[in-house]
Amino acid sequence: MNDTAQHKFEAAGLGKAPFRVVGFEVKKFQACQGAPIQAGASCDFCATSIMNVYWVKGSGLNDNRFKVGCDCVEKTGDRGLIRRAKNASSEHKAAASRAAKESRVKRLYTLLTMDAVVEALEGDPHPMSWRADEGDTRVDWATWMLRHSGMAGKTKLASYVEKVANGLGIKPRKVDEGDEDSALARLDPRDPAPKAETPVLLSDPEPGFETEPTFEPAESEWIGTVGNRVSFSATVEATIECEGFRPYQSTMLYKFVDDDGNQAAWFNSGRAPRRPDGELIEEGDRVMVIGRVKDHTFYRGARQTTLTRCKVELM
Ligand SMILES: [Zn+2]
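Number 1649 in my numbering belongs to position 244 of the sequence shown; there are no gaps in the numbering.
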């Protein structure tokens, strides 16, 4: 600011120099939904309508704060005031962008509590090919991202999950405070507590399953550990088509009984396993099953191991 010239805001009667920035806000005006968004305030110095409002106050005892746009702040040539105005607006923008990201991550958790979304992610291979070869899915990826990544990683995950949800025609429901915990529990049942010896009810039974609590262990035992890979020889007990399980592709339920009489089930939405001659693997076939244990559940009173990402080969 030129020392000899009077401060422009002082000359305009807005107060006594020196001036300081006491606030910043974005004022928008929209006549109705769908109408263009307009500036929602007017500059006390030039009367132009402004959206980015800088609140400024002089140092006089009776000075009141007044609002100006960035152009008028610039016009004063008051370097200190200009710098503080820039800081105020960038702090405001950073806070707004932080808030937007936080609410996007909250919506992400909400989407991840929804069965159809998680099932779709389960059907997509892990983005890293070696993890995909191990049978890991987008659910494993999402779980890792939620636990280990910062805001940037979570935003990336949010954009992936939003696309999946859009593809399924799913609108996120209202965000609930408990969604974060439910989503994490839903995605990663192997963490934190290991499965208890006492039977645990599945909270959300999959279609085609009946979940019944039982405290009399049936002959079937659970196979492997939840979260781990298993391989065993078995007989295909049944192949059942589950219609409408996922809206855009058919899902086949494969039921296996291993050599010790233990039951396992696998919902396959991917390519159907085939015999070397190209025919589909069917009921009664003796097969080698390699897959990941998704859960230990009950079906009609018997222990049943739910598998995911299976390779099934004729023996
Ligand atoms: Zn102005």
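Even glycine gets a Cβ: it sits at the ideal position worked out from N, Cα and C.
Asn1457 sits in a strand when the DSSP states are folded into three classes. Here DSSP, grouped into helix, strand and coil, assigns His1553 to helix. Contact check for Leu1592 against Thr1640 fails: the beta carbons are separated by 7 Å or more. Listed as beta-bridge partners of Gly1428 by DSSP are Trp1460.
Straight through space, the alpha carbons of Lys1498 and Ala1422 are spaced by roughly 28 Å. Taking Ser1447 as the centre and dropping the five residues before and after it, the same chain places the C-beta of Thr1453, Ser1454, Ile1455 closer than 7 Å to its C-beta, in chain order. In the DSSP assignment, Arg1697 is bridged to Arg1634, Thr1713. For ligand 1, a non-hydrogen atom lies closer than 6 Å to the CB of Phe1450.
DSSP places Asn1492 outside any beta strand (DSSP E); the residue lies instead in the alpha helix (DSSP H), whose first and last residues are 1484–1516. DSSP places Asp1663 in the strand class (E or B) of the three-state scheme. With fewer than 16 other Cβ atoms inside 10 Å of its own Cβ, Asn1469 counts as exposed.
The three-state reading of DSSP puts Ala1410 in coil, since its state is none of H, G, I, E or B. The alpha-carbon of Ser1508 is positioned some 37 Å away from that of Arg1676.
Taking the Cα positions, Ser1564 is about 13 Å away from Pro1577.
Distance from the CA of Ala1521 to the CA of Gly1689, rounded to the nearest whole angstrom, comes to 31 Å.
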